[in-house]
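These notes concern the structure reproduced below.
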Amino acid sequence: MNPQLRRRFASAALIIGFFVAWELLCVAFGIKDIVLPRPSQIVVTLAQRMPAIWPHALQTLYTTLVGFALGILAGVFLGALVGSSKLAYDVAYPLLVGFSSIPKVAVVPIFVLWFGAGTIPAVLTAMILCVFPIVVNVATGLATTEPELEDVMRALKASKFDILSNVGLPRTMPYFFASLKVAVTQAFVGTVIAETVASNRGIGNLMMIASSSFDVPLVFAGLLILAVLGVALYVVFSFIEVRVTGWAHRKDEFAMG
Amino acid sequence: MLAPASGSRAHADAFVELQKVTHTYGRGDKEVRALESTDLRIEKGDFIALVGPSGCGKSTILKLVTGLINASSGVVFVAGREVTAEPVRVGMAFQNPTLLPWLTLRDNVMLPLKIVAPFRQEYRAKRRSEFRDRVDALLAQVGLAGFADKYPWQLSGGMMQRASLCRALVHEPQLLMLDEPFGALDQFTREELWGIMQELWMTRRPTVLLVTHDLKEAAYLANRICVMQARPGRIIQESVVGFARPRTIALSYDPEFVTLTQRLRELIMRPAKETVQ
Numbered sequence: 001m002n003p004q005l006r007r008r009f010a011s012a013a014l015i016i017g018f019f020v021a022w023e024l025l026c027v028a029f030g031i032k033d034i035v036l037p038r039p040s041q042i043v044v045t046l047a048q049r050m051p052a053i054w055p056h057a058l059q060t061l062y063t064t065l066v067g068f069a070l071g072i073l074a075g076v077f078l079g080a081l082v083g084s085s086k087l088a089y090d091v092a093y094p095l096l097v098g099f100s101s102i103p104k105v106a107v108v109p110i111f112v113l114w115f116g117a118g119t120i121p122a123v124l125t126a127m128i129l130c131v132f133p134i135v136v137n138v139a140t141g142l143a144t145t146e147p148e149l150e151d152v153m154r155a156l157k158a159s160k161f162d163i164l165s166n167v168g169l170p171r172t173m174p175y176f177f178a179s180l181k182v183a184v185t186q187a188f189v190g191t192v193i194a195e196t197v198a199s200n201r202g203i204g205n206l207m208m209i210a211s212s213s214f215d216v217p218l219v220f221a222g223l224l225i226l227a228v229l230g231v232a233l234y235v236v237f238s239f240i241e242v243r244v245t246g247w248a249h250r251k252d253e254f255a256m257g
Numbered sequence: 001m002l003a004p005a006s007g008s009r010a011h012a013d014a015f016v017e018l019q020k021v022t023h024t025y026g027r028g029d030k031e032v033r034a035l036e037s038t039d040l041r042i043e044k045g046d047f048i049a050l051v052g053p054s055g056c057g058k059s060t061i062l063k064l065v066t067g068l069i070n071a072s073s074g075v076v077f078v079a080g081r082e083v084t085a086e087p088v089r090v091g092m093a094f095q096n097p098t099l100l101p102w103l104t105l106r107d108n109v110m111l112p113l114k115i116v117a118p119f120r121q122e123y124r125a126k127r128r129s130e131f132r133d134r135v136d137a138l139l140a141q142v143g144l145a146g147f148a149d150k151y152p153w154q155l156s157g158g159m160m161q162r163a164s165l166c167r168a169l170v171h172e173p174q175l176l177m178l179d180e181p182f183g184a185l186d187q188f189t190r191e192e193l194w195g196i197m198q199e200l201w202m203t204r205r206p207t208v209l210l211v212t213h214d215l216k217e218a219a220y221l222a223n224r225i226c227v228m229q230a231r232p233g234r235i236i237q238e239s240v241v242g243f244a245r246p247r248t249i250a251l252s253y254d255p256e257f258v259t260l261t262q263r264l265r266e267l268i269m270r271p272a273k274e275t276v277q
C-alpha cells in the first residue's frame, strides 16, 4: 500500500472512530439527548426533518456563495491595488492588519442597523470575513514578484499592463487560490454568525430556534449540515486550485537530472 | 522626447555609446558610486565582454544601456539616439534562467513576440503557425528539439539556460545583453553553450554586451574585452581578441590564448593588491 493511500485510510478511520467513540461513550455513561445526542440520533433527526431543514441549508449556501463572490471581487481589486507597488504595500499593510484583527462578529449589529435584519447583513458579513485573506494573498503575490522577471519584461519595453497580465497575475494565481480555500470557509462562518444574530432564515437561525426550544438533536443536525457544506466547499476550491495552478504544486519526480 | 545634453552627439559608426557616464546608487550617507566617468563605444554587430571583480559596475553598464536605470550624469546613446528615446529591440539573459514556471518552454520563448512591436500586432494571427515554427527552430538550434512542450521545472539548469538564450534572441534583437548567463552552470555545459552562443552570434549578428567573471569565456566569445576595476567602477583597459572564428575549446589551451587570459587576470588582481596595505 503506498503512503498516500495509507494516509487516506488512516484519515477515514479516524473520522469513523470519532463518531463510534462518541456513540459508545454516550451509551456507556447514559448521557441524555438534551445534553449530547448520539450520532445515530442526529442522523435520524436529519433524515426525518430533512424537508424542514433543506430550505434553510439552501439559504445558508446561497448567502455564503453570494458573499464569497462579492468578497472575491472586492478582494482581487483591493489586493491588486495594494500589491501594485512596494510603496503601496508598505503603506496599506498596517491599516489592513488593523481591519482584519477586528472581530467580525462585532460588525453584524452595524449592518443590521444599516440594512435591517435579513439576507443582506448575512451576505455582507460573509463578504467581510472572506475578503481579507484574499486581499492579503493577492497583494503578497503581486508585491513579491521577482525583480528579475520584471527586468526581463522591462527590457522588452513592456507596459505596466503587459507586466501585470503576463507576469504579475499568473504568478499570483497560486496565492489567490490558496486564499480561496480559506476564504470560502470564512464566508461560511460569517453567514452563520449573521444568521444567528439577525435573520429568520438559514441554518444559523434554525439552530438558534432549535436550541431555545431545547431540540438538541436538531441543533446538532444543523451543525452536521454546516460541517458537510464547509468541507464540500473546501474540497471544490482545493480541486480548482490544483487544476489551475498545478505548476506551483509540481512534484520532484518530474524533474530530470 | 529627451533633448540631447548640450554638446554631446553620438558617433556615426557606434551602435552603443557611453559618454562620460556616471552612476550613483542611494543617497546621502548611503551613496555608492557604482560607475566613475566612463566612455565606451560598441559598433553594430560587435561582441564586447565586460570583465572585472564583483561590484565594478559591469551590470550597471548593462542596465544603463538597456534603459532599466538612468545615468546620474553623462549620456547613453543607442542607435544614434539617447537611450529610451527610441525603442530598440533588446534581448536579455541573466544568470538565472528567469523562465516563467507556468508556461511551457515554447510559450516562454515566445513571450517577446507577444510583447515587442512589430511582432505583437501579429501575435494572435501567427502564434500557432509562423511564430511557433520559428520558436521550434530556435530551440532545435540550441539542442532542445522535442522539449518545447515541457515546463521549465522539468528541465535541468543547462537546458533552462539554453531556453533563456532562445527567449533573448527570438525577436531578432539589435542588442543582446548577457549578464553572466553561464555563471551558474557546470564547466562542460558552460563550454558547450559557449559554442552555441558563438554560432548564434555568427548567424544572426546582434550587437552583444556580455558581462562575465570568467576570463576564458570572455576570450572565447568576445571581439573586444573591457577590463573594469571596482570602487569606483571604471574601464581600465580594452583588449582586442583577434582569434579567428569559429573558435573551439581546443583554442583555450593555445599559448596565445592562455597569455591573454593571464594578462587579463593580472590586470584585475593588481589594483586589489595595491589597495591592501
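Chains A and B supply the protein sequences, listed in that same order.
Just so we're aligned, residue 1 is where the first sequence starts under the numbering used here, counting upward by one.
Just so we're aligned, residue 1 is where the second sequence starts under the numbering used here, counting upward by one.
Yeah, the Cβ is synthetic: ideal placement off N, Cα and C, and Gly gets one too.
Note that this is a predicted model, so its numbers are computed, not measured.
By the DSSP assignment, the beta strand (DSSP E) with residue i in it spans what residues?
| i | result |
| --- | --- |
| Q19 of chain B | A14 to Y25 |
| C226 of chain B | R224 to Q229 |
| D39 of chain B | V32 to E43 |
| V66 of chain A | No beta strand (DSSP E) holds V66 of chain A; the alpha helix (DSSP H) holding it covers M50 to G83. |
| T207 of chain B | T207 to T212 |
| I48 of chain B | F47 to V51 |
| L251 of chain B | Segment: none, L251 of chain B is in no beta strand (DSSP E) and carries neither H nor E. |
| L178 of chain B | L175 to D179 |
What residue range is occupied by the uninterrupted alpha helix (DSSP H) comprising residue i?
| i | result |
| --- | --- |
| Q278 of chain B | Because chain B in this structure spans residues 1 to 277, residue 278 of chain B falls outside the shown range and cannot be described. |
| I258 of chain A | Because chain A is modelled from 1 through 257, residue 258 of chain A falls outside the range shown and cannot be assessed. |
| F131 of chain B | E130 to Q141 |
| E241 of chain A | V216 to V244 |
| R38 of chain A | That residue, R38 of chain A, is in no alpha helix (DSSP H); it is neither H nor E in DSSP. |
| F287 of chain B | Nothing about residue 287 of chain B can be read from this structure; chain B reaches only from 1 to 277. |
| V107 of chain A | V107 of chain A -> no alpha helix (DSSP H), and no H or E assigned at all. |
| W279 of chain B | Given that chain B is displayed from residue 1 to residue 277, the structure contains no residue 279 of chain B and the question cannot be resolved. |
Where does residue i sit, in a helix, a strand or coil, going by DSSP?
| i | result |
| --- | --- |
| I102 of chain A | coil |
| E289 of chain B | A query on residue 289 of chain B cannot be resolved here, the shown segment of chain B reaching from 1 to 277 and no further. |
| F243 of chain B | coil |
| Q121 of chain B | helix |
| G67 of chain B | coil |
| V78 of chain B | strand |
| R263 of chain B | helix |
| E238 of chain B | strand |
| S73 of chain B | strand |
| G17 of chain A | helix |
| N205 of chain A | helix |
| K150 of chain B | coil |
| P94 of chain A | helix |
| S213 of chain A | coil |
| G28 of chain B | helix |
| A145 of chain B | coil |
| E23 of chain A | helix |
| G190 of chain A | helix |
| A12 of chain A | helix |
| P232 of chain B | coil |
| E172 of chain B | coil |
With residue i and residue j assumed to form a contact (beta carbons below 8 Å), what rounded beta-carbon distance in angstroms separates them?
| i | j | result |
| --- | --- | --- |
| S156 of chain B | L99 of chain B | Actually they are not in contact, since the Cβ atoms of S156 of chain B and L99 of chain B sit about 12 Å apart, beyond 8 Å. |
| E36 of chain B | R234 of chain B | 4 Å |
| I193 of chain A | V108 of chain A | 6 Å |
| G71 of chain A | I134 of chain A | 6 Å |
| V240 of chain B | R224 of chain B | 5 Å |
| A187 of chain A | F68 of chain A | 4 Å |
| I203 of chain A | A57 of chain A | 6 Å |
| Y89 of chain A | G141 of chain A | The Cβ separation is near 11 Å, so there is no contact. |
| G74 of chain B | T24 of chain B | Rounded, the Cβ-Cβ distance is 12 Å, inconsistent with contact. |
| F15 of chain B | T203 of chain B | The pair is not a contact, with the Cβ atoms about 19 Å apart (cut-off 8 Å). |
| V78 of chain B | L178 of chain B | In fact, because the Cβ distance is near 16 Å, the residues do not count as touching under 8 Å. |
Please list, in chain order, the chain A residues whose beta carbon lies closer than 8 Å to that of residue i.
| i | result |
| --- | --- |
| N96 of chain B | E148 |
| P206 of chain B | In chain order: nothing, as chain A lies at least about 13 Å away. |
| L68 of chain B | D151, R154 and A155 |
| M177 of chain B | A155 |
Using the beta-carbon of each residue, which ones in chain B are nearer than 8 Å to residue i?
| i | result |
| --- | --- |
| V167 of chain A | L100 |
| P133 of chain A | Neighbours of P133 of chain A on chain B: none; closest Cβ ~22 Å, over 8 Å. |
So which residues on chain C does residue i lean against when the C-beta distance must stay under 8 Å?
| i | result |
| --- | --- |
| I115 of chain B | In the structure shown, chain C does not exist; the protein chains are A and B. |
Which residues in chain A sit within 7 Å of residue i, going by Cβ to Cβ distance?
| i | result |
| --- | --- |
| Y151 of chain B | W247 |
| P112 of chain B | L156 |
Starting from the beta carbon of residue i, find every residue of chain A whose beta carbon is closer than 9 Å, and list them in chain order.
| i | result |
| --- | --- |
| P87 of chain B | K157 |
| V90 of chain B | A155, L156 and K157 |
Please compile the residues from chain B whose C-beta is within a distance smaller than 7 Å of the C-beta of residue i.
| i | result |
| --- | --- |
| P3 of chain A | What P3 of chain A touches in chain B: nothing, since even the nearest Cβ is about 23 Å away. |
Enumerated in chain order, which unbroken segments of the alpha helix (DSSP H) with a length of 4 residues or greater are wholly contained in the region 82 to 116 of chain B?
Complete alpha helix (DSSP H) runs here, min 4: 105 to 115.
Going residue by residue through the region 118 to 178 of chain A, where are the continuous beta strand (DSSP E) segments of at least 3 residues, counting only ones entirely within it?
Counting only runs that start and end inside the region 118 to 178 of chain A, there is no beta strand (DSSP E) element of at least 3 residues.
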